[in-house]
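Residue numbers (our numbering): 4 to 227. Using N, Cα and C, we set each Cβ at its ideal position, and we do this for glycine too. Here's the structure, in structure tokens; my notes come after.
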């Protein structure tokens with residue numbers, strides 16, 4: 004059961020939900036929404052294959068490939084830009100330049116998907132995702148320092164995992180879901196949003212992280 008949870012956690016349901024809602028702010032094409040959602044899952048698998056973070060079980064090296072094919076067919080230009088910025092973001096652990104600028108590349112991923120349709124939404128996504136990712140780096144600063152991943156918080160002298168960053172990251176993710184729901188092209192019922200927020204909150208600890216508080220981290224031997 005723990006192995007299943009490990010793999011599910013790496014898919015990050017808590018971030019897949021706002022990503023899908025984000026797509027609905029600039030497209031009402033269900034095929035495109037589905038294809039780009041699969042692209043996001045493919046990116047996450049590629050990221051896990053590239054980064055090999057502790058506590059996380061390994062994916063087959065090329066498992067991400069079939070997930071990107073539908074998006075390449077349906078939204079070729081946007082997908083190519085998304086893949087380019089995904090590649091740059093995945094270099095986060097290489098050196099201080101890529102680590103320090105990683106939040107920018109992460110924001111540009113979402114930006115590239117919306118810019119051709121809605122520059123305003125694309126710009127909002129760029130700013131929101133930048134700060135969301137930055138807060139995530141604050142959360143993981145201690146682990147990043149030990150693993151020589153030089154993110155912006157580490158460059159600024161933050162060398163410990165930050166519990167406030169853990170809950171702050173979840174908070175901005177939930178906020179982004181509410182924002183994208185509010186401006187979605189679909190009329191999504193409020194009770195559906197509430198259910199989605201609940202799913203995000205309970206799935207967040209499933210992603211294996213050194214920085215996860217011990218009482219929530221059932222992947223660590225010393226967790227409760």
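- Looking from the CA of residue 201, the closest CA among 177, 210, 215 and 212 belongs to 177.
- For residue 174, the uninterrupted alpha helix (DSSP H) run begins and ends at 166–185, by DSSP.
- Membership of residue 4 in any alpha helix (DSSP H) is not indicated, and neither H nor E is assigned to it by DSSP.
- About 7 Å separates the beta carbons of residue 49 and residue 93, which is inside the 8 Å limit, making them a contact pair.
- Residue 68 and residue 62 have their C-alpha atoms roughly 12 Å apart.
- Here DSSP, grouped into helix, strand and coil, assigns residue 120 to coil.
- Out of 43, 155 and 191, the CA that lies nearest to the CA of residue 139 is found in 155.
- The beta carbon of residue 78 lies closer than 7 Å to those of 35, 38 and 39 in the same chain, with the five residues before and after it left out.
- Under the three-state reduction of DSSP output, residue 137 falls in the helix class.
- When DSSP states are grouped into helix, strand and coil, residue 57 belongs to the coil group.
- Per the Cβ contact rule, the stretch 143–160 is not in contact with the stretch 116–129 (fewer than 3 Cβ pairs under 8 Å).
- Rounded to the nearest whole angstrom, the CA to CA distance from residue 89 to residue 207 is 22 Å.
- Judged by DSSP secondary structure, residue 89 falls within the alpha helix (DSSP H) whose first and last residues are 79–93.
- Secondary structure note for residue 101: its alpha helix (DSSP H) is the uninterrupted segment 99–103.
- Taking a 10 Å sphere around the C-beta of residue 157, we find 16 or more other C-beta atoms and assign the residue as buried.
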